[in-house]
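2 protein chains.
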Amino acid sequence: MPDKAIRMTRAATDGRNRPVLLAIAGDSATGKTTLAHGLERALGPERCVSVCVDDYHRYDRQERKTKDFTALHPDCNYIDIMEQHLQLLATGQPILKPVYDHSTGELIRPELVEPREFVIVEGLLPLFTKLSRACFEVTVFLNPPEDIRRTWKIARDTTKRGYDEEQVNAELTTREPESAAFIRPQQSFADIVVRFAPIPGRDDPPDTPLSAELMLRPTIRHPDLTGVLAPTMQRAIHLKLTRDSDGRPVDTLHVHGYVPIEESRTVQKAIWSALGRAGEPPSSLGELSPGKRSEPMTITQLLLLYHLLDAAR
Amino acid sequence: MPDKAIRMTRAATDGRNRPVLLAIAGDSATGKTTLAHGLERALGPERCVSVCVDDYHRYDRQERKTKDFTALHPDCNYIDIMEQHLQLLATGQPILKPVYDHSTGELIRPELVEPREFVIVEGLLPLFTKLSRACFEVTVFLNPPEDIRRTWKIARDTTKRGYDEEQVNAELTTREPESAAFIRPQQSFADIVVRFAPIPGRDDPPDTPLSAELMLRPTIRHPDLTGVLAPTMQRAIHLKLTRDSDGRPVDTLHVHGYVPIEESRTVQKAIWSALGRAGEPPSSLGELSPGKRSEPMTITQLLLLYHLLDAAR
């Protein structure tokens, strides 16, 4: 963990009003914005601002056609400026952030971002460099199965980004070597790896919400869930002690999407209350799109909310 | 001189590869870009980069129509981001600079600026705040008579910025209170105040180059010109010991535009050689527009070149 010393130095020299930065990294169409949006709404615009680091593209869509790399490549992004801006935000300073218009593929007028108590940073490469990683209190990597990501990407890019299905498939093929080289390796720097997927071997109806598997690495102090998760909740959620890909011990939280919604809600209330919060969990959590909800997403966001509020204390 | 302590602190803690920043401040159409351009060409793109801080406009031309202030007003500019970027450049770091397109009045895609050995910063408000002033080794304010500035502004804005003469005149009137409140007061923070103007009482032909009056404030160490300026050069150039508007002693260098070009060239060579440079002064100095030259401009630029090279030693 090479970042630890830097993080500790930062913590030790911190003023009290330093913002808390959360990174949500992952490949294109892995659900980063959906995850971020629920948290942002739960905290409210007074306390929270989101930044997408894909805005730091060095070349626009037209220019990229003449390059032999894609938008995923670090050389296609102002990584040094991204690092600089993350450091500025982490030390409480405003930035004039570049803006990439996904609907047209053009780089347009930049916008002022003033840090709030919480800054959610999402994108393709927020964990790519040591200096960028040192700016975050909590880091998340989203890692759905590739076939699910493909479905999500086609659905989004054909409706919101002006591509057709054939173009999206071709792009996924072109991007694969760079995903493997630059995006997926960031997974090893995440405190929490989140995988939304169906449970293998089950024959659930097609509109069953995906389950979530959250690998909780010991790089940050997770809440003690062993007391919260009563045996009666076992069907909706359970912790499993396993080993990380490098052999280190790790807890994995399994959150099942197929259980009746009431069971999930009981779990959510228990977690919310165990985190010392009164009342119901924020209703903005768990929303996938207007009217469509996922209880495993709610529980994922609840856990992140815990870490944000804990880091800000 | 409230900046001095900051400047000294900066000098004391400086690494050796810190860029030298020169500020050229002044109202709209006072010749800032012309002055900067000759210096930039003399130093070459490997050693020198220019930045216009008018790019830090907060509102574009369309949006400004709904505001009750003009582009000169600090509230119409991201002053805090300008300060931040000047500090980054002064400490040798790159910036992603906003870009204001003067021909359309739109804010467009930002551009990467990597500091060079010399960074020339020109614009309306580079000396507006204490923090921005502390970033510069040398500061210049351009202060031509108002009727000359008006002629220059009409000539430029009607050919390059899409305005007609009536609009320019109306704009000058609208802007006057803000010029008085925010632009002209920066003059008091300049190490060198430059005034291009005809000599009162002379009846020179209309195409006679303007003379230059350079107030050399003791806020920086100017070269000793008393030895260079031989009595035979008196007609082309002379120093005059006077008092600043606040009563402090100051040297004023008078450079006459009406003398034969050969006399000016002799002076230029003498200054160039006194500055320890061999050969002819750079031919890019003194150019007002393609084919049109001013020897007083050459001498002004020579003096600034001296300060830049001296500060970089």
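Order-wise, the sequence lines are chains U and V.
FYI, my numbering numbers position 310 of the first sequence as 310, with every residue one higher than the one before it.
Just add 313 to the spot in the second sequence (first one is 1) and you have my numbering.
Glycine included, each C-beta is placed from N, C-alpha and C at the ideal position.
All values derive from a computational prediction rather than experimental measurement.
Exercise for the section: Spell out whether any CB of chain V is found under 8 Å from the CB atom of U/Pro209. Expected result: Your numbering for residue 209 of chain U matches position 209 in the first sequence. No, U/Pro209 does not count as interfacial toward chain V.
Problem - Contact residues within the stretch 90 to 117 of chain U, judged by C-beta distance below 7 Å to chain V - result: Gln93, Pro94, Leu96, Pro98, Leu107, Ile108, Arg109, Pro110, Leu112
Handout entry: Inter-residue spacing [alpha-carbon to alpha-carbon] between U/Asp101 and V/Arg422
Key = The count along the first sequence starts at 1 and reaches residue 101 of chain U at position 101. The count along the second sequence starts at 1 and reaches residue 422 of chain V at position 109. If I take the Cα positions, the gap works out to 11 Å.
Exercise for the section: Report the neighbours of U/Ile79 on chain V: residues whose CB is nearer than 8 Å to its CB, in chain order. Expected result: Counting from one through the first sequence, the residue named residue 79 of chain U turns up at place 79. In chain order: nothing, as chain V lies at least about 11 Å away.
Problem - Chain-ordered residues of the stretch 56 to 84 of chain U with a beta carbon less than 9 Å from chain V - result: Tyr56, Arg58, Asp60, Tyr78, Asp80, Ile81, Gln84
Practice task
Compare the C-beta of V/Ala325 against all C-beta atoms of chain U and say whether one is closer than 8 Å.
Solution key: As a first step, residue 325 of chain V is located in the second sequence; it is residue number 12 there, counting from the start. In this prediction, V/Ala325 scores a pLDDT of 48, lower than 50, which makes its location untrustworthy; the coordinate-derived value is nonetheless stated afterwards. V/Ala325 does not count as touching chain U.
Handout entry: Spatial distance of V/Gly436 from V/Ala338 (CA atoms)
Key = Here residue 436 of chain V corresponds to residue number 123 of the second sequence, with the count starting at 1. Here residue 338 of chain V corresponds to residue number 25 of the second sequence, with the count starting at 1. The alpha-carbon atoms of V/Gly436 and V/Ala338 are separated by roughly 5 Å.
Problem - Residue from U/Asp55, U/Ser284, U/Cys48, U/Leu309 whose Cα sits closest to the Cα of U/Leu298 - result: Your numbering for residue 298 of chain U matches position 298 in the first sequence. Inspection of the sequence shows that residue 298 of chain U is occupied by Thr rather than by Leu. Nearest C-alpha to U/Thr298: U/Ser284.
Practice task
Determine the extent of the beta strand (DSSP E) in which U/Ser273 is found, giving its start and end residues.
Solution key: In the first sequence, counting from the first residue as 1, residue 273 of chain U sits at position 273. No beta strand (DSSP E) holds U/Ser273; the alpha helix (DSSP H) holding it covers 261 to 274.
Handout entry: In chain order, each beta strand (DSSP E) run of at least 3 residues that lies wholly inside the stretch 206 to 254 of chain U
Key = 211 to 216, 237 to 243
Handout entry: Stretch pair the stretch 173 to 183 of chain U + the stretch 210 to 217 of chain U: three plus CB contacts closer than 8 Å
Key = no
Handout entry: Rounded straight-line distance, which links the Cα of V/Thr539 to that of V/Arg462
Key = Residue mapping note: residue 462 of chain V aligns to position 149 of the second sequence, counting from 1. Residue mapping note: residue 539 of chain V aligns to position 226 of the second sequence, counting from 1. Approximately 32 Å between the Cα atoms of the pair.
Problem - Euclidean distance between Cα positions of U/Lys240 and U/Pro249 - result: In the first sequence, counting from the first residue as 1, residue 240 of chain U sits at position 240. In the first sequence, counting from the first residue as 1, residue 249 of chain U sits at position 249. Using only the alpha carbons, I get a separation of about 11 Å.
Exercise for the section: With a threshold of 16 other CB atoms inside 10 Å of the CB of V/Leu425, please say whether the residue is buried or exposed. Expected result: Numbered from 1 along the second sequence, position 112 holds the residue referred to as residue 425 of chain V. V/Leu425 comes out exposed.
Practice task
Would you tell me roughly how many angstroms separate the C-alpha atoms of V/Ser492 and V/Leu618, rounded to the nearest one?
Solution key: Working through the second sequence from its first residue, we reach residue 492 of chain V at position 179. Working through the second sequence from its first residue, we reach residue 618 of chain V at position 305. For V/Ser492 and V/Leu618, the distance between alpha carbons rounds to 28 Å.
Practice task
Determine the DSSP secondary structure at V/Glu427, reduced to helix, strand or coil.
Solution key: As a first step, residue 427 of chain V is located in the second sequence; it is residue number 114 there, counting from the start. If DSSP states are grouped into helix, strand and coil, V/Glu427 belongs with coil.
Exercise for the section: Write down the C-beta distance between V/Tyr372 and V/Cys389 rounded to the nearest angstrom, noting that I regard them as a contact closer than 8 Å. Expected result: Residue mapping note: residue 372 of chain V aligns to position 59 of the second sequence, counting from 1. Residue mapping note: residue 389 of chain V aligns to position 76 of the second sequence, counting from 1. Confirmed, about 6 Å.
Problem - Any chain U beta carbon closer than 8 Å to V/Thr611 - result: Here residue 611 of chain V refers to the residue found at position 298 of the second sequence. Not one chain U Cβ lies under 8 Å of V/Thr611.
Handout entry: Three-way DSSP call (helix, strand, coil) for V/Lys317 in this model
Key = Taking the second sequence and counting its residues from 1, one reaches residue 317 of chain V at position 4. Confidence is the limiting factor: at V/Lys317 the pLDDT is only 45, short of 50, which leaves the residue's position unreliable and the question unanswerable from this model.
Problem - Close beta carbons around V/Lys345, own chain, < 8 Å, minus the five adjacent residues each side - result: As a first step, residue 345 of chain V is located in the second sequence; it is residue number 32 there, counting from the start. Closer than 8 Å at Cβ, skipping near neighbours: Ile337, Ala338, Gly339, Glu435, Gly436, Leu455.
Handout entry: V/Ser341 versus U/Leu131 - alpha carbon distance
Key = As a position in the second sequence, residue 341 of chain V is number 28, starting the count at 1. As a position in the first sequence, residue 131 of chain U is number 131, starting the count at 1. Going by the C-alpha atoms only, they are around 41 Å apart.
Handout entry: Short Cβ contact (8 Å threshold) for U/Ile237 with U/Leu253
Key = For the purposes of this step, residue 237 of chain U is taken as residue 237 along the first sequence, with counting starting at 1. For the purposes of this step, residue 253 of chain U is taken as residue 253 along the first sequence, with counting starting at 1. Yes; because the gap between Cβ atoms is below 8 Å, this pair is in contact.
Exercise for the section: Mind checking who V/Phe509 pairs with in its DSSP beta bridge? Expected result: Position 196 of the second sequence, counted from the first residue, corresponds to residue 509 of chain V. Its beta-bridge partners are V/Ala525.
Practice task
Taking the CB atoms as reference points, tell me whether V/Ala433 and V/Leu335 lie closer together than 8 Å.
Solution key: For the purposes of this step, residue 433 of chain V is taken as the residue at position 120 of the second sequence. For the purposes of this step, residue 335 of chain V is taken as the residue at position 22 of the second sequence. According to the sequence displayed, residue 433 of chain V carries Ile and not Ala. Yes. Within cutoff.
Handout entry: Buried versus exposed, by CB contacts within 10 Å (16 or more), V/Glu575
Key = One-based indexing of the second sequence puts residue 575 of chain V at position 262. Flag for V/Glu575 reads exposed.
Exercise for the section: Consult DSSP for U/Asn169 and reduce its assignment to one of helix, strand or coil. Expected result: On the first sequence, residue 169 of chain U is found 169 positions in, with the first residue counted as 1. If DSSP states are grouped into helix, strand and coil, U/Asn169 belongs with the helices.
Problem - U/Leu21 - DSSP class collapsed to helix/strand/coil - result: For the purposes of this step, residue 21 of chain U is taken as residue 21 along the first sequence, with counting starting at 1. In the structure shown, U/Leu21 sits in a strand (DSSP, three-state: E or B).
Practice task
Report the rounded CA-to-CA distance for U/Phe189 versus V/Val451, giving the unit in angstroms.
Solution key: The sequence position of residue 189 of chain U within the first sequence is 189, counting from 1. The sequence position of residue 451 of chain V within the second sequence is 138, counting from 1. So the alpha carbons of these two residues sit roughly 45 Å apart.
Exercise for the section: Report the residue from V/Ala543, V/Pro439, V/Pro428 whose alpha carbon sits nearest the alpha carbon of V/Tyr391. Expected result: Here the question's residue 391 of chain V lines up with position 78 in the second sequence. Considering only alpha carbons, the answer is V/Pro439.
Problem - Beta-carbon proximity of V/Phe509 to V/Pro603, cut-off 8 Å - result: Mapped onto the second sequence, residue 509 of chain V falls at position 196. Mapped onto the second sequence, residue 603 of chain V falls at position 290. No; because the gap between Cβ atoms is not below 8 Å, this pair is not in contact.
Problem - Spatially closest choice to V/Phe441 from V/Ala349, V/His386, V/Thr379, by CA coordinates - result: As a working mapping, residue 441 of chain V is identified with position 128 in the second sequence. Answer by Cα proximity: V/His386.
Practice task
Could you round the C-beta distance between V/Ser363 and V/Ala349 to whole angstroms and report it? I think they count as a contact, below 8 Å.
Solution key: For the purposes of this step, residue 363 of chain V is taken as residue 50 along the second sequence, with counting starting at 1. For the purposes of this step, residue 349 of chain V is taken as residue 36 along the second sequence, with counting starting at 1. The pair is a contact, with the Cβ atoms about 5 Å apart (cut-off 8 Å).
Problem - Sub-8 Å separation of V/Arg332 and V/Pro428 beta-carbons - result: Along the second sequence, read from residue 1 onward, the residue named residue 332 of chain V stands at position 19. Along the second sequence, read from residue 1 onward, the residue named residue 428 of chain V stands at position 115. Residue 332 of chain V is actually Pro in this sequence, not Arg. Contact: yes.
Practice task
Return the chain-ordered list of same chain residues with a C-beta closer than 7 Å to the C-beta of U/Ala155, the five sequence neighbours on each side being excluded.
Solution key: For this step, residue 155 of chain U is matched to residue 155 along the first sequence. Contacts found: none.
Practice task
Would you identify the three-state DSSP class for V/Lys466, choosing helix, strand or coil?
Solution key: The count along the second sequence starts at 1 and reaches residue 466 of chain V at position 153. The answer is helix: DSSP assigns V/Lys466 an H, G or I state.
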